[in-house]
Each structure stands twice: as C-alpha cells, then as structure tokens.
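Notes follow the structure.
Protein chains: 2
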Amino acid sequence: MGRKALLDVLGNRMPERRPIWFMRQAGRYLPEYRELRRQAGSFLDLCYSPKLASQVTMQPIDRYDLDAAILFSDILVVPQAMGVGLRFAEGEGPILDVVADMEAVARLKPVRDARQVAAVCETVSRTRQGLPGHVALIGFCGAPWTVASYMIEGGSSEERLKARLAAHRRPSWYDALMDRLIEASCDYLSAQVMAGAEVLQIFDSWAGDLTGDVFEDSVIGPIRTIVDELRLRHPSVPVIVFARGAGSKHGRVAAETGAQAVGIEQAVELASVLKAVPEHCAVQGNLDPVALLAGGERLARRVENVIREVPLHRHVFNLGHGIKPATDPAHVAEAIAAVRAADTRRP
Amino acid sequence: MGRKALLDVLGNRMPERRPIWFMRQAGRYLPEYRELRRQAGSFLDLCYSPKLASQVTMQPIDRYDLDAAILFSDILVVPQAMGVGLRFAEGEGPILDVVADMEAVARLKPVRDARQVAAVCETVSRTRQGLPGHVALIGFCGAPWTVASYMIEGGSSEERLKARLAAHRRPSWYDALMDRLIEASCDYLSAQVMAGAEVLQIFDSWAGDLTGDVFEDSVIGPIRTIVDELRLRHPSVPVIVFARGAGSKHGRVAAETGAQAVGIEQAVELASVLKAVPEHCAVQGNLDPVALLAGGERLARRVENVIREVPLHRHVFNLGHGIKPATDPAHVAEAIAAVRAADTRRP
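As they're listed, the protein sequences go chains D and C.
When the letters of the first sequence are read in order and numbered with our numbering, they come out as residues 1 to 347.
When the letters of the second sequence are read in order and numbered with our numbering, they come out as residues 348 to 694.
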C-alpha cells in the first residue's frame, strides 16, 4: 500500500480506504509517551528534541493502523520563536510574556532563523524518513487568533475576554500582532514543508470565541492569507483548517479560506456541513472524544454514525477535538477497527 | 401598550414590536444589583428572599425598555430543594454534595413541599404584581442534563467528564437521577406558573457536551418529557428551550421537544437554524455577549446583523449567552435602542 489515503482525499481523488488520524494521537494517553516524557524533562525539552519528538510522533503509527502522523509539537512554538518568554507550569498550562501593546509587538522577531524552528524542522525530517509509505506526515501551526489569544492573555484563560475585546475593538497593536503572526505562520509552515511535511493543519482552537464580522476579520481573513501564501510557495501541499467552534460557519470557512479540508467540532454534524462546503473540499472529524473515552459496545455504533454522514472520498476520519488523556489506548484500536469494518461493509 | 410582545411571538402571532430580554439581565453588571447583593449577605440568601429577589428581578425592567422580566434565581435551587447540600464559595462557584450512586439518588426528596420552592414562588408572585402590562414574566429551571452534571461533579468542572461518562454509559443510578430531575423540574416549573410565571425557559447550559444518541437520550428526551407534561398541566404557557451548544441540532431540538422557541448560542447563525425549525417555533438570541461588552459604534451594526437574519414575528431578541459582569450598563440601553431603531426602519 504505497498510496496515501489522506493525500487522495485532500486531492479530491477516491482513496483506497478512509484516511484516519486522531488529534493528539501522540500524547498522554499512551504509556510509551509518558515514559519518553519522563526521560525528556520538561514538555518543551521534549518538543525541541528532534530525536525524542520524532519518536513521540511515531508512537501511534507503530501502535495503530493510521493514515497520518502529526508532528509532535505545540502551537506556542511560534511565539517562543518570536522571542516571547514561555514556560509550562506543572498542572497550570502555559505562561507567556504578555503581548498587548505596540512596544511588545515591535519587539517580536521573525521566526525564520529561530533555533526552535530549526529543531521542529529536524523533527519533521527525521520523522518523514521513518514513515511507512502509506502514512502522510502532517505539519501544523496555531492560527493567528488562537496564538494571539495566548499572547494577549499571557497564557490560558477560561474566557479570553481581554483577547476577545481586542479582536472587537482592534487597537492598532492588535492588527500589527495579527500581521506578525500571519507572517510567522507562513514562514513556519513553509519551513515544515521544506523539511518534509506533506499536509498542513492550521488549528484555530478558539475560533468559537468570535462571531460576525469579528470572526471574518480575525479567523477567516488571517487564515485565508496564510493559505494563499502557502499555495504560492508550495502549490501541491494541501491545508486542513480546523476552526473549532465555528458552528454554522464552517461552510464559509471552507469556501473563503480555500482549504482542502475543514475540521469540524463534534457539536456540528458532518452532514450539515457537507451541504455548505465546496465540492472539492473534504470534512474532517468528528467522533466525540468522550465516546472514545467511554468505549464499550456503543463506540462502534458511534463511529458508524459519523461515517454514514460523509462519502468516503470527502472524509478524513478524526475526533471532534483531542483525545482525552484518560482514554484507554485499546479504545483507539477499537475505533479504527470500526471504521475499517464499516467501510468494508459498504456497498 | 398592554399586549405582551413576547407572548405574541411565542404564540405565533405578529407582535407590536420585537420582544427583547437579556440572559442575566438582573445581575452583577448592574450597580443596583451589587448594592442589594451586599445587603442580602450570601447569594443564596438573596435567591430565597422574595422581597429582595423580586426587587432584583425588577431592576432591569425599571432601567430599560424590555419585554420580559426573568425570575432572579439559580438552576441549583432544584437539587437543594431535593435535599442536596449546596453552598457558593466566594470566587469558586457552587459546591454540592455529590450524587453519583443509587444510594444518593434514593435519598433525593420531591420538591413540591420544599421551602426553597415556596420562596421562589413567592418571588414570582410578588414580581408579577409589580410588572408593567407589556412585560411578560419568565420562570425557569435548569434542564436535567445540566443540573445532573453539577450533582455528579459536586459543583462546577471545566470538562464535566465524570458526568459525560455517566451519560454515555448510563449506569442505572444515572437514569434514575435523570427521572427524578424530570419529575422535580415539572413540579418546580408548574409551581412557578401557578405563582404567576407566563413563560418558562429550560436552560440546558451544557447541552453542547453531548452528541449523537447521548444528546438524544439526555438532552432532547428529558426536555421533551417536561414540555409534554407542562402542556398537559398548563396548555397556554409557552416554553423556550435553550440547548446551548447544540450546534447543528437546534432544528431537531425545536421539532422534537415541542418548544415554542429555541435559544441559540452565538456560534450558530439564527438564519441557519430558521430553516430547520418548524414554522410555529421562534428563535431566541443571539448577539455575542462580547459585542455587548465591547460596545462602541460597532454594537449597533452587530445588533442589526442579528435582526436581519430573522423576521419580526419569529424572533425573541437576546444574547447568545449571559451578560458578562464587566459590561457597562449603558451598552445594554444602546443595544435595545439599536433593535428598536432597526425595526422602525424596516419596510
């Protein structure tokens, strides 16, 4: 099996089988990940060790019958590469220098020559060398809005109100920050492609924070600019846009960003999106991560219900959000088997 | 103006104007609320003082040109009335006795004779007496799933995973708990109607946690049972169902629960729901609370954009979620003025 099912679906061709990958498939629910994490020291040490990070990226590929590996990294690599102080406090999430005025924005550096980007690219190229022929390698970054929200808040925040207010009011530093993040994202993703990434995913985890023209300005607009620029630099590399929480707006995200696929959160049924998405665009998702966590005999039925909503050639099977860390690794194997079995039974 | 615009829209009649109310319109953003809250002592003391709670309910009516007052209370009145220990820790949210096994469920009491219910009903009847003729009084409760999630978790929880797992796996104590909550909700809402509530809203704040058949079992099913029972007891009292986060499933919520209106979170555009909702059902929402918080010249435009999506006779203007406590009360007046102005300009 040398053809890559993920590339086929993203290229609008009939795949040999339904491509499957899982958000956070390399992560805490895997005992082999927890073991490597212990060896590495901090989370960031793990991200920036090409040897260990590529091992982590490969762990789910070694264990499961998947169609894609996704680079093990973090969306906050970009602000760190721009010179923003970043650390992960145990059990508290990321803590960043606050970037919420023009002085702080002016201090941001281009990412092109950052050692963090070099380390990530080495992880990409090491991983690519070890991948089975049918498995595609996905590179990624956070979308400008989501990354900006961490920079403006100085870390995680339940409601991100400071960032959301900035997106509504658009002070000049906010627009400047978004411009810098667009540029950095293009350079970062482009570097990943040159290192061997075959598909790119842009994660806008907090897209659901924004609505109306604010959604257009801070979600759709910046992502479209990135996708356009990548198309110029790397015409054959498909892009998946995951604007999590876009609700009724995924069709517009697909049509207006020019993505080859859109990721869909589990609150939105894939069938409802399919009608609004251009013919050439696939949908990705969207099994409920809690269905995967719960397991049991209902899991196969839940998988089948997702599959039934989308034809094979327009679907990338995935979750609607990341794997919960408490998930039993056996459930992942069961979900994959359920996808394969359901597709085999199809006429 | 003696006709109630809210009752007209919910009764499928052309209203004299577009009815407006705001979720959490009686609350922390109002200085007069913060003043009464100081006098009352604890939050629960305020909820259970009919004199003060009816004053709080009236505060936004005195200040703004609204079409409905909503009872000032809390969705956790029901578990407390069932005998579950409840307190609000300052800055921490509610803390409840955990109800997550059959023994705890068996200890739950009917709410009919609870002093908490009597106090709430006295608030309703006091408020009703003081209301201007064109303002409808809304009573409410939390939906079984949302209330159960607090009981199972013992309070607020970021992800509600214990509750969501129970909804997926449906141990017998979970089904028994949901049955008890359905019964208690019917009795509680019915008591509010007898005390003077003219409209009822069922808040399923965490409906977005659930998907697929789990959504049907724990969101749609229990709410439908409550709406059916209320229809028998009080045929003329309309019910608004707010299944927050239902995403692409609001049409089904409307059709299958028999609600007179469905509330829509701001991530979902009203126009997209309207197509899927039965003709006799209205939609409620869904200005972004952060647009209201941000204010400024964009606010009127945002209000107009919401209004443009729905014809007058099928729309209850509201937010997509509660008012943020930091909102300037002047912004609320501006939003109301923008609704009235936009409707006047319509042909």
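No residue lacks a Cβ here, since even glycine has one placed at the ideal position from N, Cα and C.
These numbers were taken from a predicted model, which means no experiment stands behind them.
> Could you check where the alpha helix (DSSP H) with D/GLY212 kicks off and where it finishes?
Replying inline: As a working note, residue 212 of chain D is residue 212 in the first sequence. D/GLY212 -> alpha helix (DSSP H) spans 212-215.
> Can you tell me whether DSSP reads D/VAL277 as helix, strand or coil?
Replying inline: As a working note, residue 277 of chain D is residue 277 in the first sequence. Residue state, collapsed to three classes: coil.
> At least one CB of chain D closer than 8 Å to the CB of C/ARG743: is that the case?
Replying inline: A question about residue 743 of chain C goes unanswered here, because the residues of chain C that appear run from 348 up to 694.
> Is the region 450-468 of chain C close to the region 405-415 of chain C, with three or more CB pairs under 8 Å?
Replying inline: no
> Which residues, taken in chain order from the region 236-269 of chain D, show a beta carbon closer than 8 Å to some beta carbon of chain C?
Replying inline: GLY245, ALA246, GLY247, SER248, LYS249, GLU265, GLN266, ALA267, VAL268 and GLU269
>> Just checking: is the beta-carbon of C/ASP414 within a distance shorter than 8 Å of some beta-carbon in chain D?
In response: Position 67 of the second sequence holds residue 414 of chain C. Chain D contact via Cβ: absent.
> How many Å lie between C/GLY643 and C/ASP460 at the Cα?
Replying inline: Here residue 643 of chain C refers to the residue found at position 296 of the second sequence. Here residue 460 of chain C refers to the residue found at position 113 of the second sequence. So the alpha carbons of these two residues sit roughly 49 Å apart.
> Just checking my contact of D/HIS280 with D/MET14 at CB under 8 Å: how many whole Å lie between their CB atoms?
Replying inline: Locating residue 280 of chain D in the first sequence gives position 280, where the first residue counts as 1. Locating residue 14 of chain D in the first sequence gives position 14, where the first residue counts as 1. About 13 Å separates the two Cβ atoms, so there is no contact after all.
>> Against chain C, with Cβ distances strictly below 8 Å, would D/LYS162 count as a contact?
In response: Here residue 162 of chain D is taken as the residue at index 162 of the first sequence, counted from 1. With 8 Å as the cut-off, D/LYS162 does not count as an interface residue toward chain C.
> How about C/ALA614 and D/THR211: are their beta carbons less than 8 Å apart?
Replying inline: Indexing the second sequence from 1 puts residue 614 of chain C at position 267. Indexing the first sequence from 1 puts residue 211 of chain D at position 211. Yes, the Cβ-Cβ distance between C/ALA614 and D/THR211 is below 8 Å.
> Given that D/LEU165 touches chain A, what residues does it touch there, using C-beta distances under 8 Å?
Replying inline: This model lacks chain A altogether, as its protein chains are D and C.
>> So the candidates are C/VAL600, C/VAL637 and C/GLY605; which of them puts its Cα closest to the Cα of C/VAL620?
In response: Position 273 of the second sequence, counted from the start, is the residue given in the question as residue 620 of chain C. It is C/VAL600.
> Is the distance from the Cβ of D/ALA136 to the Cβ of D/LYS275 below 8 Å?
Replying inline: Your numbering for residue 136 of chain D matches position 136 in the first sequence. Your numbering for residue 275 of chain D matches position 275 in the first sequence. Taking 8 Å as the Cβ cut-off, D/ALA136 and D/LYS275 do not qualify as a contacting pair.
>> Check this for me: beta carbons of C/ALA590 and C/HIS597, under 8 Å apart or not?
In response: Here residue 590 of chain C refers to the residue found at position 243 when the second sequence is read from its first residue. Here residue 597 of chain C refers to the residue found at position 250 when the second sequence is read from its first residue. Contact flag set, yes.
>> Distance cutoff 8 Å, beta carbons only. Does D/LYS275 sit that close to anything in chain C?
In response: As a first step, residue 275 of chain D is located in the first sequence; it is residue number 275 there, counting from the start. It does not: the Cβ of D/LYS275 has no partner Cβ on chain C nearer than 8 Å.
> Below 8 Å, can you find three or more Cβ-Cβ pairs linking the region 135-152 of chain D to the region 178-191 of chain D?
Replying inline: yes
> When you check each C-beta in the region 545-571 of chain C against every C-beta of chain D, which residues fall closer than 7 Å?
Replying inline: GLY555, THR558 and GLY559
>> Please confirm whether D/HIS168 has its beta-carbon closer than 8 Å to some beta-carbon of chain C.
In response: The residue given as residue 168 of chain D occupies position 168 in the first sequence. Yes, its Cβ sits closer than 8 Å to a Cβ of chain C.
>> Tell me the DSSP secondary structure of C/LEU423 in three-state form.
In response: Translated into positions along the second sequence, residue 423 of chain C becomes position 76. Note: C/LEU423 maps to coil in three-state DSSP.
> If we ignore side chains and look at the alpha-carbon of each, how far apart do D/VAL290 and C/SER537 end up?
Replying inline: For the purposes of this step, residue 290 of chain D is identified with residue 290 of the first sequence, where counting begins at 1. For the purposes of this step, residue 537 of chain C is identified with residue 190 of the second sequence, where counting begins at 1. Rounded to the nearest angstrom, the two C-alpha atoms are 35 Å apart.
>> Would the region 64-79 of chain D count as touching the region 354-372 of chain C if we require 3 or more Cβ pairs under 8 Å?
In response: Output reads no: the region 354-372 of chain C does not touch the region 64-79 of chain D.
> So, is the C-beta of D/ASN318 closer than 8 Å to a C-beta in chain C?
Replying inline: Sequence index remark: in the first sequence, residue 318 of chain D carries index 318 (1-based). Closer than 8 Å: no.
>> Measuring only the C-alpha atoms, how far is C/TRP520 from C/LEU433?
In response: Residue mapping note: residue 520 of chain C aligns to position 173 of the second sequence, counting from 1. Residue mapping note: residue 433 of chain C aligns to position 86 of the second sequence, counting from 1. Rounded to the nearest angstrom, the gap between the Cα atoms of C/TRP520 and C/LEU433 is 20 Å.
> According to DSSP, is C/ARG365 helix, strand or coil?
Replying inline: Numbered from 1 along the second sequence, position 18 holds the residue referred to as residue 365 of chain C. Here C/ARG365 sits in coil by DSSP.
> According to DSSP, is D/ALA246 helix, strand or coil?
Replying inline: In the first sequence, counting from the first residue as 1, residue 246 of chain D sits at position 246. D/ALA246 falls in the coil class under three-state DSSP.
>> Output needed in chain order: residues of the region 374-398 of chain C with a Cβ under 8 Å from some Cβ in chain D.
In response: Contact annotation: in the region 374-398 of chain C, no residue has its CB less than 8 Å from a CB in chain D.
> Taking contact to mean at least 3 C-beta pairs separated by less than 8 Å, is the region 323-336 of chain D in contact with the region 572-592 of chain C?
Replying inline: Between the region 323-336 of chain D and the region 572-592 of chain C, the count of C-beta pairs closer than 8 Å stays below three; the two stretches do not touch.
> Who are C/PHE609's beta bridge partners in DSSP?
Replying inline: One-based indexing of the second sequence puts residue 609 of chain C at position 262. Looking at the sequence provided, one finds Val at residue 609 of chain C rather than Phe. C/VAL588 and C/VAL630, per the DSSP bridge assignment.
> Which two residues bound the contiguous alpha helix (DSSP H) that contains D/LEU52?
Replying inline: Translated into the one-based positions of the first sequence, residue 52 of chain D becomes position 52. Segment 50-63, the alpha helix (DSSP H) holding D/LEU52.
> Where D/GLU103 and D/LEU161 are concerned, what is the direct C-alpha to C-alpha distance, given to the nearest angstrom?
Replying inline: Along the first sequence, one-based indexing puts residue 103 of chain D at 103. Along the first sequence, one-based indexing puts residue 161 of chain D at 161. Cα to Cα, D/GLU103 sits roughly 21 Å from D/LEU161.
> Cβ of D/SER272 less than 8 Å from any chain C Cβ?
Replying inline: Along the first sequence, read from residue 1 onward, the residue named residue 272 of chain D stands at position 272. True, the Cβ-Cβ gap to chain C drops below 8 Å.
> Contact between the region 538-548 of chain C and the region 467-481 of chain C: three or more CB pairs below 8 Å?
Replying inline: yes
> Taking DSSP as the reference, what is the three-state secondary structure of D/VAL99?
Replying inline: Start at 1 with the first residue of the first sequence, and residue 99 of chain D comes out as number 99. It is coil, neither helix nor strand.
> Which runs of the alpha helix (DSSP H) spanning at least 4 residues fall entirely within the region 91-159 of chain D, listed in chain order?
Replying inline: Scanning the region 91-159 of chain D from its first residue to its last, the whole alpha helix (DSSP H) runs of 4-plus residues come out as 102-107, 115-130 and 144-153.
>> Can you confirm whether D/ASN305, when its beta carbon is compared against all beta carbons of chain C, has any partner nearer than 8 Å?
In response: Working through the first sequence from its first residue, we reach residue 305 of chain D at position 305. At least one CB atom of chain C sits nearer than 8 Å to the CB of D/ASN305.
> Applying a beta-carbon distance threshold of less than 9 Å, which residues of chain C neighbour D/LYS324?
Replying inline: Locating residue 324 of chain D in the first sequence gives position 324, counting from the first residue. Within 9 Å Cβ-Cβ: GLU506 and LEU508.
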